[in-house]
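A.B. asks:
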Amino acid sequence: MALDGFFIYNLINELKPILLGSRLEKIKSIDKDSYVFTFFHFHQKHYLYLSIASSRNLLFLGQAARDELETGITPLLRQKIESGILTDIYQYKTDRVITFTFTINDYFLGKIKRELVFEVMGKYANLILVQDDIILDAAKKNKISKKRNTFPGEKFYYLESDKEPFNNISYENILRPKDLVDKYLGISPFLANYLFVQKKQVDEIVINPCVNLSNKDFYAFNLFLTENNIKYLESLSSVQNYNLNYQSKNKILYEKFISNNLKKLSEKLILFENEISTHQENIDKIYIANYIYDNLDPNLRVSELVINDEKILLNPLKNLNENAQMIYKLYHKGKSGLKILENLIEETKTLINYFKSLEFDLSYEDSILSEIEESLIELGFKRKEKLKSKKKKAPKIITIKSNDYTILVGKNSLQNEYITRTLGNKNDLFFHVSNAHGSHVLLQGEKNDTSIHNALLLAGYFSELRSSNKVSINYTLLKNVKRVPKIKYFLVTLENYITKVVNLDLSLINELLSNQNN
């Protein structure tokens, strides 16, 4: 679950007594989006974990980091704030923004104040190092608006909003939970549902951190509308740590299952292809039997024949007729075996392709593991449980709406199937990267140059070719998209498609994604 403004407000209150006045001893990068800050205070070390990964923005006190990776911003952070004293932690208004203030003793300049701003904004999450309102560096350098960007040397601005802080909520004219989200800064839809029913002020809520064991969601108190499968933990740090360990553990299991199956299938494919050559050799020998009946006495017994200067060895204990009949049997066996093997090879290649697509799905930082697991269960990941009568939850897909069109993007097999088979209509346009793994993208509504170009961009961006400047995309009407038959899992083929090469304009792609409705 994303950290909303309420969770952050209480998390800061939890961290302050432990970390304020500490010296920042060490900064480590454990992956490209995750950091561990080691603080030292009164002979004790504390390890603050920060993650700006789009799938899991986290901030908690945890264990020491073992692995270390050098990433873009890490060297500068070490240079500019290591050995500094943490003098303040505060939230900007009630937004999803946390600022850490460090005081550094510079040999030449004396005491310097530098701030590390953690913007907890999902896929737009960022770490920005600031001094005197000027950006020194940022983990993610991007331009959000004409006024606001995160490039070094630019003036730093907090992202402004016309929403009010949630410190004093008025329920007058609040007709639905979304009204709370729209009016108050830092209130998530999840919290809004609870507040709308309870009509409480946020300072009346008793903090009791917990994890929902059914889906591993966590929050500052139990608003999951159930007491079943709820695990209460001692701190807001521990519920995040619990969630991260669960996610990491399961992702490793999925990766291992996919890797093992790809290895087995590749070995099986080699065996099948070797058998093909054996069957083909038996088919090719039919000319020997034909030569015997056309040119020789079938009752003769010979140990060899010479046909077109090629020496052919025969069974001398059998006559030519018996040798020819044996060759005919091998011929027919080879033909039937070849057909079976060709089908098996095709099925194996299709399954390899599907496992590779799941491997790609898992590579997304914000991959929804529960949905990927559902696809893996169909492939034998674990025993499939009997479905309960409870209505199945629709997959969470990317939806980008404009005035006259809608673009839908699926980021795993389950979402792709949902978009293509449930949400799609036969005259919608279907987009998919050419000759690579990627998302199913559907364009509904107006089909003009702008909407088609935007769909092409998203199909290229949500593919394994996203790092390329130019990407080839196939697109066609959905009625020309056919499911591959006789397999449990969901794969499609395209007919009558157009291929177009697009330049991946990242600024336009980011603008499109910023307007998505989830």
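Note that the sequence shown covers residues 717 to 1234 in the numbering used here. Idealized CB from N, CA, C, for every residue including glycine. Bear in mind the structure is a predicted one, so any value in this text is a computation, not a measurement.
Please classify Q917: does DSSP put it in a helix, a strand, or coil?
C.D. replies: DSSP places Q917 in coil when its eight states are reduced to three.
A.B. asks: Quick one: what's got a C-beta closer than 6 Å to V918's C-beta in the same chain, skipping five residues either side?
C.D. replies: Around V918: F722, F882.
A.B. asks: For A908, which option in I921, N1170, I1004, R892 has the closest C-alpha, if you only look at C-alpha atoms?
C.D. replies: Minimum Cα distance to A908 is reached at R892.
A.B. asks: Rank Y1047, D849, V836, Y725 by C-alpha distance to the C-alpha of I921 and give the top, closest one.
C.D. replies: Among Y1047, D849, V836, Y725, the Cα nearest to that of I921 is on Y725.
A.B. asks: Given A936, which residues of its chain have a CB within under 7 Å of its CB, disregarding the five upstream and five downstream residues?
C.D. replies: Around A936: F722, F723, N726, I923, P925, L952.
A.B. asks: Are there 16 or more other CB atoms within 10 angstroms of the CB of T803, so buried, or fewer, so exposed?
C.D. replies: With fewer than 16 Cβ atoms within 10 Å of its Cβ, T803 is classed as exposed.
A.B. asks: Which runs of the beta strand (DSSP E) fall wholly inside the stretch 926 to 981 and span at least 3 residues, in chain order?
C.D. replies: Counting whole runs of 3 or more residues, the stretch 926 to 981 contains the beta strand (DSSP E) stretches 926 to 928, 933 to 935, 946 to 948.
A.B. asks: What is the DSSP secondary structure of S1052, reduced to helix, strand or coil?
C.D. replies: Helix at S1052.
A.B. asks: Leaving out five residues before and five after A854 in sequence, what residues of the same chain have Cβ atoms less than 8 Å from its Cβ?
C.D. replies: Contacts found: I789, N842, L843, I844, L845, T866, F867, P868.
A.B. asks: Whose CA, out of Q956, I1088, Q996, lies closest to the CA of F973?
C.D. replies: Cα-wise, what sits closest to F973 is I1088.
A.B. asks: Is the CB-CB distance between L901 and S877 below 8 Å?
C.D. replies: It is a contact, given that the beta carbons lie within the stated cut-off.
A.B. asks: Work out the CA separation of I890 and K829 for me, nearest whole Å.
C.D. replies: Answer to the nearest angstrom: the Cα atoms are 42 Å apart.
A.B. asks: Along the beta strand (DSSP E) that carries G838, what are the first and last residues, could you check?
C.D. replies: No beta strand (DSSP E) contains G838, which DSSP labels as neither H nor E.
A.B. asks: Work out the CA separation of L793 and K1106 for me, nearest whole Å.
C.D. replies: Only weak support exists for where K1106 lies, its pLDDT of 48 falling under 50; the value from the coordinates is given anyway. For K1106 and L793, the distance between alpha carbons rounds to 49 Å.
A.B. asks: Apply the 10 Å Cβ neighbour rule to K1102 and answer buried if 16 or more other Cβ atoms are within range, or exposed otherwise.
C.D. replies: Interpretation of K1102 is limited by its pLDDT of 48, a score under 50 that renders its predicted location unreliable; the figure taken from the coordinates is listed afterwards. So K1102 counts as exposed.
A.B. asks: CB-CB under 8 Å to E1020, same chain, minus the five flanking residues each way: which ones, in chain order?
C.D. replies: K1027, I1028, L1029, L1030, listed in sequence order.
A.B. asks: Among residues of its own chain, excluding the 5 on either side of A1171, which ones have a beta-carbon nearer than 6 Å to its beta-carbon?
C.D. replies: So the list reads I1123, F1147, V1157, L1159, once near-sequence residues are dropped.
A.B. asks: In angstroms, rounded to a whole number, what distance separates the CA positions of N928 and N945?
C.D. replies: Spanning the two alpha carbons is a distance of roughly 6 Å.
A.B. asks: Does the stretch 1042 to 1061 touch the stretch 991 to 1000, meaning 3 or more C-beta pairs lie closer than 8 Å?
C.D. replies: The answer is yes - the stretch 1042 to 1061 touches the stretch 991 to 1000, with three or more Cβ pairs under 8 Å.
A.B. asks: With DSSP run on the structure shown, which of helix, strand or coil describes Y765?
C.D. replies: Three-state DSSP puts Y765 in a strand.
A.B. asks: Indicate the three-state DSSP secondary structure (helix, strand or coil) for D895 in the structure shown.
C.D. replies: Looking at D895 - three-state DSSP - the assignment turns out to be helix.
A.B. asks: Return the bridge partner residues of G1160 from the DSSP annotation.
C.D. replies: Checking the displayed sequence, the identity of residue 1160 turns out to be Gln instead of Gly. T1122.
A.B. asks: Return the first residue and the last residue of the alpha helix (DSSP H) that D822 is part of.
C.D. replies: Segment 813 to 822 is the beta strand (DSSP E) holding D822; no alpha helix (DSSP H) there.
A.B. asks: Where does the unbroken beta strand (DSSP E) through S1091 begin, and where does it stop?
C.D. replies: No beta strand (DSSP E) contains S1091, which is instead part of the alpha helix (DSSP H) from 1085 to 1093.
A.B. asks: Can you tell me the Cα-Cα spacing of N821 and G778, whole angstroms?
C.D. replies: C-alpha separation (whole angstroms): 28 Å.
A.B. asks: Would you list the residues sitting across from P881 in a DSSP beta bridge?
C.D. replies: Answer is L901.
A.B. asks: Which value, in whole angstroms, describes the spacing of the CA atoms of F1097 and N729?
C.D. replies: C-alpha separation (whole angstroms): 42 Å.
A.B. asks: For V813, count neighbouring C-beta atoms within 10 Å of its own C-beta (all shown protein chains included) and say buried if the count is 16 or more, exposed if not.
C.D. replies: Buried is the call here.
A.B. asks: Taking the continuous alpha helix (DSSP H) assigned at Y808, which residues delimit it?
C.D. replies: It is not in any alpha helix (DSSP H) - Y808 carries neither H nor E in the DSSP assignment.
A.B. asks: By DSSP's criteria, T1166 is part of a beta bridge. Which residues make up the other side?
C.D. replies: Looking at the DSSP assignment, T1166 forms no beta bridge with any residue, so it has no partner.
A.B. asks: Of the choices S1129, L740, K839, whose alpha-carbon is the least far from that of T754?
C.D. replies: Ranking S1129, L740, K839 by Cα distance to T754 puts L740 first.
A.B. asks: Tell me the residue span of the beta strand (DSSP E) that contains F1147.
C.D. replies: Unbroken beta strand (DSSP E) run through F1147: 1145 to 1149.
A.B. asks: With a cut-off of 8 Å on the beta carbons, I'd call L911 and L896 a contact; round off their distance for me.
C.D. replies: 6 Å between Cβ atoms; contact.
A.B. asks: Determine whether the beta carbon atoms of L1210 and V1197 lie at a separation below 8 Å.
C.D. replies: Yes, the pair counts as a contact, with Cβ atoms nearer than the cut-off.
A.B. asks: Ignore the nearest five residues each way along the sequence and tell me which others in K984's own chain have a CB closer than 7 Å to its CB.
C.D. replies: So the qualifying residues of the chain are T1064.
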